[in-house]
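Order-wise, the sequence lines are chains R and V.
Read the first sequence against the working numbering and you will find it ends at 605, with the numbers running on by one and no gaps.
Read the second sequence against the working numbering and you will find it ends at 1605, with the numbers running on by one and no gaps.
Don't be surprised by glycine CBs; every beta carbon is placed ideally from N, CA and C.
There are 2 protein chains.
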Amino acid sequence: MPAIVSRYRSHTCGQLRSSDQGQRVRLSGWVHSYRDHGGLVFIDLRDREGLTQIVFDPDTCGQAVHDEARKLRSEWVISIEGAVGPRGQGLVNPRLATGEIEVHASQLEILSQSPTPPFLPDFEVADADAPKEERRLQYRFLDLRRAEMQQTLRVRHQVTRIMREYLGALGFWEIETPFLTKSTPEGARDFIVPSRLQAGSFYALPQSPQLFKQLLMVGGCDKYMQIVRCFRDEDPRADRQAEFTQLDVEMSFIDRQDIIGHMEGLLVQIWKEVLGIEISTPIPHMDYDQAMNLYGSDRPDLRFGMQLHDITELAHTTDFGVFKNAPMVKCIVVPDGAKMTRAQTDALALWSKEYGAKGLAVTKVSGEGFDTGIAKFINPIAGQIIEMTGAKNGDLLCFAADKPKIVHRVLGELRLKMARDLQLKPSSQFAFVWVVNFPAFEYDEQEKRYSSTHHPFTAPLDEDLKKLDGRDQETIESIRSKAYDIVCNGSEIGGGSIRIHRMDTQQKVFSLLGIDDAAQKLKFGFLLDALQFGAPPHGGIAFGLDRMVMILRNIGNIRDVIAFPKTQSGADIMCGAPSPIDDRQLKEANIRSIMPVIKPPAASE
Amino acid sequence: MPAIVSRYRSHTCGQLRSSDQGQRVRLSGWVHSYRDHGGLVFIDLRDREGLTQIVFDPDTCGQAVHDEARKLRSEWVISIEGAVGPRGQGLVNPRLATGEIEVHASQLEILSQSPTPPFLPDFEVADADAPKEERRLQYRFLDLRRAEMQQTLRVRHQVTRIMREYLGALGFWEIETPFLTKSTPEGARDFIVPSRLQAGSFYALPQSPQLFKQLLMVGGCDKYMQIVRCFRDEDPRADRQAEFTQLDVEMSFIDRQDIIGHMEGLLVQIWKEVLGIEISTPIPHMDYDQAMNLYGSDRPDLRFGMQLHDITELAHTTDFGVFKNAPMVKCIVVPDGAKMTRAQTDALALWSKEYGAKGLAVTKVSGEGFDTGIAKFINPIAGQIIEMTGAKNGDLLCFAADKPKIVHRVLGELRLKMARDLQLKPSSQFAFVWVVNFPAFEYDEQEKRYSSTHHPFTAPLDEDLKKLDGRDQETIESIRSKAYDIVCNGSEIGGGSIRIHRMDTQQKVFSLLGIDDAAQKLKFGFLLDALQFGAPPHGGIAFGLDRMVMILRNIGNIRDVIAFPKTQSGADIMCGAPSPIDDRQLKEANIRSIMPVIKPPAASE
């Protein structure tokens, strides 16, 4: 950091080195720690850039300043002036960038005092005695002072800087899209904003700038990017925030491979600058079908193997009813899993029911073949299974037999769980993959209609366009789209698609989704207009910034990568938001608040 | 722009030059204009970067392609392949960057057709036959295609890029602050967002990240910047948008002069890169008192003179009652204004009443002295007035006599009006000034209490701190603050202050503003907590991005510097926002809509 020199400081607390010895300097910051060694007072002075040891020696600073220094306490804000000197023999601290020097203070100015704060910012979140998260959120201004949190904010800034520089150099313009937009109740739930000037009308906060960025392409803007807040009023989930940030990108006159190529370049740049890691390119592509078949997931974690093996045909040759009658039978090999106890494998079977399985068949591979209850049924095919899966003595085989959707979900999750339990996921390794050729539509059994796998503006593959006129389920479900997701270590960090740029195609897709002409006009009339009056081929992508920073910093809690996050129930504990507002504000917004009816407690006595 | 090569293009439409002759190229874009010269079809092909002339000659492209080319119409999107050749003798277009060449097409691909659009994107807003703004907003995707609008978006992108690069190099981190925050009904009106999970509670969209950026400083973040959307639910005004963008800056361990110095550097950089203009620094400072006294405004336009002259003492020596009894009498000299007719000067007097004046005395300066109705009263002091003001033969003197507030308002506005009418404001000149030493508080006669001139977190000047304990109006009103506004050509483009960093001072200011202890705790408890537990000296500034781009592009309408603006009534005409929403959404938000009661029309017959 270039030091900004002011009357408060000539250097930051992370800046001074041996070569600065003899200089007179002024530093400001927080009292990080305090030691009173009889005659000498030692302070570790802290700012964003680091710690510097300050010594108050009455022989140097005089008795009055020394007396003041003895009053200092943790988290007071001070400014000192002094001379840079070497640390004594054996007192050099190699873990500190400024560890070779100390500053012999001659002056001390107390800028702010502080009573003992609720906690000191000297812990890491993983520490056993770290304050509870709720307390950290309440006093976020203290929590932000921690080195770990500062480093995260620094990386977050760095990542957005790289995104802007990289895309800016390629000719992308950052263009702002509105926050007060129209509600489109098809997707996730909108946050709504009552209009004061138009009673009975509401804005919605954007779930993404999707339509606006497409309109920018129709408007000839060619290459757009924006790092932008998006809003989804979803039910609480540990890894979600109601407001989240994405890098939003759209470009014209390109096809899928152009975007994929440029975004790979961006990821390479980010990983190189932030972590010093070279991502090898091209990043492999994997068809959606293949990802589901081999990993039971459309965001496969490729840091480890444990692929799903399809033994349906073999299984149908056995007398085991569960296998014989299942539409699909697959298995995974858990390396070294034979040492699991019966209680542990029973627990696995129970766990699998959370994912819709009726049960989980397991068998241990031993020298004699298979050894559990189901062994007798499947021993006739044991040799073939072992050959097909490469299972070795001491491994555990886990089978799922059900409809494909359930088999993939159960074994996909089991694969992740076993990798977690067996610590097969190295945190320092990054396995990227582009998942492509998604199905464009899925049939919603409950709603009895199709929905878009991504969103209704996603272009089908050129060769599947004619299938849009089909009406049978098999044809519709075989339509693949020009969507692509970028997956890192099993997390989807970005996703996008080539969009539909022709009005007739867009209308066909809307119809297929059950949106009739009148509804199309009402909800998406402006988009159809835009596509009608000369839309270029275009497509784009959005990256989740919060998730990317979590991966780069190896942080599991989304709230730890956001300066002022909300709790799972959407509360800002520090400010006290959301909060009741006064009647005048409600009236101006043309709304009335409806409180849930709560019965008064029955009168006692 | 670095061309991104794809199957759709090898170059942009603004890229080819004489030196590219002979190259085979592929271009894509919109049909900007079409001429069919018998055998040859000429197209101006347009993209964000410019126009390129395309020639379809049946001898080169074959009859089939030529036939296709004859079907092309304005705003169709096409892709062509061809060879770069020189334009014929005398056909070079020096006004076009690509004017020396044309592309002889051999292939043509029609990417999108278009019926005749509502308007063609080939006008400038100032053109007499430009479409009405409402129509432009409804079809914004067409309006955005205009070269003028593209240039504005390009400059807007450029300005934000410079801001980030400049501040990034100084060690500022861009840190995101929340959009779903707590309502603080003291300032302008908040937009509110009902909470689904906490019935009866509401978020507010931020009017600015003021408190969050201060909390970041208390959190040790040292140097923060953010280009951020802010929201104010104000009544409609031509030059305001409900959502607007600001560059928000805050830094620790600095004083007023440090921020002013660094922000000057930023302005220099922006003006240099965008306009090639060197702003001379240091930018002059002007006390608030001086700005009011000389220009009748705290955002003086310094591109021209016409200062206010205080003739109160002289005026009190006359027998003219209006002058004699007024607390203040000032005048301005309108150069060459004597040629105004009686009707014109009467109109001025009428106009002045809009600003609270009881009237406006005017007199023309002629060889014989003054010549209007009031001349006889003021002729005794004519010589002294002429000497004091430097008025010359043929000038017009305009006098206002009233309370200082009204005198300054009327003459300040008159000064701007006369400069407009006389075209004294050169659009290519930029006069910057820092206005400093504002009064910290003003007494609100209606509410019978003090309010902050800027905001309640603004630090008073050090030498005025002790006056916070005063209780008489004169003492309170003499407290000056560490606020500063940067004014360019009479527009406030930025403003900020050093903040209060001590809890006791903040509490005194809250008390002075009539916020009692309980209300302080309820509304600002977290801020007081933060100031209590070790706050560094800090301060910052915010620049209005929309306004800055208006000045840089010499554009008068704020909607013309925003990609998707709202009308004065807050409507997005294109998308149809705000709009009614369905009952399920209202119920989920725990609110009910209140429609204004409209009486049914009385039955006729």
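Neighbour flag for residue i against chain V, beta carbons, 8 Å
i, result
"D606 of chain R", "Chain R is shown from 1 up to 605; residue 606 of chain R falls before or after that span and cannot be answered."
"E174 of chain R", "yes"
"M163 of chain R", "no"
"N590 of chain R", "yes"
"M1 of chain R", "In this prediction, M1 of chain R scores a pLDDT of 48, lower than 50, which makes its location untrustworthy; the coordinate-derived value is nonetheless stated afterwards. So yes, M1 of chain R belongs to the interface."
"E278 of chain R", "no"
"R196 of chain R", "yes"
"V103 of chain R", "no"
"A97 of chain R", "no"
"E243 of chain R", "yes"
"I500 of chain R", "no"
"P178 of chain R", "yes"
"L72 of chain R", "no"
Same chain, Cβ closer than 6 Å to residue i, neighbours up to 5 away in sequence not counted
i, result
"F172 of chain R", "K223, M225"
"E1109 of chain V", "S1079"
"F1483 of chain V", "One detail in the question is off: residue 1483 of chain V reads as Ala in this sequence, not Phe. If we look at A1483 of chain V and ignore the five residues flanking it on each side, its Cβ neighbours are F1438, H1454, T1458, S1497."
"I591 of chain R", "P194"
Sequence-distant residues of the same chain with beta carbon closer than 7 Å to residue i, five excluded per side
i, result
"S593 of chain R", "L586"
is_contact[residue i, chain R] using C-beta, thresh 8 Å
i, result
"G1050 of chain V", "no"
"K1182 of chain V", "yes"
"F1533 of chain V", "yes"
"E1605 of chain V", "Here the model assigns E1605 of chain V a pLDDT of 45, short of 50, so the residue's position is not dependable, and the following value carries that caveat. E1605 of chain V does not count as touching chain R."
"V1274 of chain V", "no"
"F1056 of chain V", "no"
Contacts of residue i in chain V (Cβ-Cβ under 7 Å)
i, result
"Y203 of chain R", "A1577, P1578"
Residue burial classification, residue i (beta-carbon count within 10 angstroms, cutoff 16)
i, result
"E1605 of chain V", "At E1605 of chain V, the pLDDT of 45 sits below 50, so the modelled position is not reliable and the matter cannot be decided from this model."
"P1115 of chain V", "exposed"
"P1209 of chain V", "buried"
"T1012 of chain V", "buried"
"Q423 of chain R", "exposed"
"H262 of chain R", "buried"
"L27 of chain R", "buried"
"A1188 of chain V", "exposed"
"G50 of chain R", "buried"
"E1075 of chain V", "buried"
"E1313 of chain V", "exposed"
Sequence-distant residues of the same chain with beta carbon closer than 8 Å to residue i, five excluded per side
i, result
"L1513 of chain V", "F1441, R1449, Y1450, S1451, S1452, P1456"
"K1324 of chain V", "A1315, H1316, T1318"
"D1129 of chain V", "F1123"
Under 8 Å by beta carbon: chain V residues contacting residue i
i, result
"I254 of chain R", "I1004, S1006, Y1008"
"H455 of chain R", "Result: empty, since nearest Cβ-Cβ is about 16 Å, beyond 8 Å."
"R140 of chain R", "L1215, G1219"
"P620 of chain R", "Lying before the first or after the last residue shown, residue 620 of chain R is absent from chain R, which here runs from 1 to 605."
Identity of the residues DSSP links to residue i by a beta bridge
i, result
"D143 of chain R", "None, per the DSSP bridge assignment."
"T245 of chain R", "R:R229"
"Q1151 of chain V", "None; Q1151 of chain V has no bridge partner."
"R26 of chain R", "R:E81"
"V1329 of chain V", "V:A1401"
"P460 of chain R", "R:S481"
"T60 of chain R", "In the DSSP output, where bridge partners are listed per residue, T60 of chain R has none listed."
Contact list for residue i against chain R, beta-carbon separation under 9 Å
i, result
"P1536 of chain V", "Y8, S28, G29, W30, D47, V77, L111, S112"
8 Å Cβ cutoff, residue i in contact with chain C
i, result
"C221 of chain R", "Chain labels in this structure do not include chain C; the protein chains are R and V."
Check: residue i C-beta below 7 Å from any heavy atom of the ligand ZN
i, result
"K392 of chain R", "With respect to the ligand ZN, the structure offers nothing, as it holds no ligand at all."
Contact list for residue i against chain V, beta-carbon separation under 9 Å
i, result
"D301 of chain R", "Simply none; closest approach about 28 Å."
"V41 of chain R", "Going along chain V, no residue has its Cβ under 9 Å from V41 of chain R, so there is no contact; the nearest lies around 18 Å."
Partner residues on chain R for residue i, Cβ-Cβ distance less than 7 Å
i, result
"S1033 of chain V", "The contacting residues do not exist; S1033 of chain V stays about 14 Å from chain R at best."
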